[in-house]
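Numbering (the numbering used here), first residue to last: 1 to 190.
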């Protein structure tokens, strides 16, 4: 049975895209894990250096992988719930598998698509998908930082850190901010 693990990054961010990754193993999980230069686990439990080490060797691994993103305009227009579901649907259309294991608790009509709460702690395919999505998104936010350095996205990846919130208060929203998220967060800053 071919299993594709999927996970997203950036759902709770105030700025930037939502990015998801999909991963299919072509060899056993044990074999793939043995080829990795850092321990495989949920990307949120890894250091940036560990994630980058794994990201850098992705081309040489016996895997099929893909990342997909939904931009800020679509998130602002259609909402983050739509974007979260849509990014996974797009990946399943581009990656052929018998079963799609998706981190989280989203409901899908397709019986081949199964949401797994804490899947990024349980399935190595989802763990690797989470790493690829996280690194891709962080790299994008570092590029956006060059255009909007006042928000310090190279360090906060668009999340609602104190520094980011104060920058929002001082400079207002950029075109890369998610209006509803950012305005809601800003309303809580005193």
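From the three backbone atoms N, C-alpha and C, an ideal C-beta is built for every residue, glycine too. These figures come from a predicted structure and were not determined experimentally.
Next item on the list: Can you check the stretch 12-74 for any alpha helix (DSSP H) of at least 4 residues that lies completely inside it and give the ranges in chain order?
Entry: 29-35, 48-56
Note to self: Please identify the residue among 108, 169, 91, 58 whose C-alpha is closest to the C-alpha of residue 6.
What the structure shows: 91
Next item on the list: Could you tell me whether the Cβ atoms of residue 93 and residue 62 are closer together than 7 Å?
Entry: no
Next item on the list: Go ahead and label residue 37 buried or exposed: buried means 16 or more other beta carbons lie within 10 angstroms of its beta carbon, across all protein chains shown.
Entry: exposed
Notebook entry, point to check: Could you give the residue range of the alpha helix (DSSP H) that holds residue 106?
Noted result: That residue, residue 106, is in no alpha helix (DSSP H); it is neither H nor E in DSSP.
Notebook entry, point to check: By DSSP, does residue 177 sit in helix, in strand, or in coil?
Noted result: strand
Notebook entry, point to check: What do you get for residue 175, buried or exposed, if any count of 16 or more other CB atoms within 10 angstroms of its CB means buried?
Noted result: exposed
Item checked: Three-state class that DSSP yields for residue 98 in the structure shown -> coil
Checklist line | Strand pairing of residue 172, partner residues [DSSP] | finding: Residue 172 pairs with nothing; no bridge assigned.
Item checked: When 106, 99, 121, 83 are compared against residue 112, the one with the closest alpha-carbon -> 99
Check: Does DSSP put residue 208 in a helix, a strand or coil?
Finding: Because the chain spans 1 through 190 in this model, residue 208 falls outside it and cannot be assessed.
Margin query: Quick test of your reading: residue 83 and residue 70, contact by CB under 8 Å. State the CB separation rounded to the nearest angstrom.
Written below: 4 Å
Note to self: At the level of alpha carbons, what is the spacing between residue 178 and residue 14?
What the structure shows: 6 Å
Notebook entry, point to check: In whole angstroms, what separates the C-alpha of residue 143 from that of residue 101?
Noted result: 31 Å
Notebook entry, point to check: Mind checking residue 160: buried by the 16 CB within 10 Å criterion, or exposed?
Noted result: buried
Notebook entry, point to check: Can you tell which of 127, 103, 180, 187 has its C-alpha closest to the C-alpha of residue 78?
Noted result: 180
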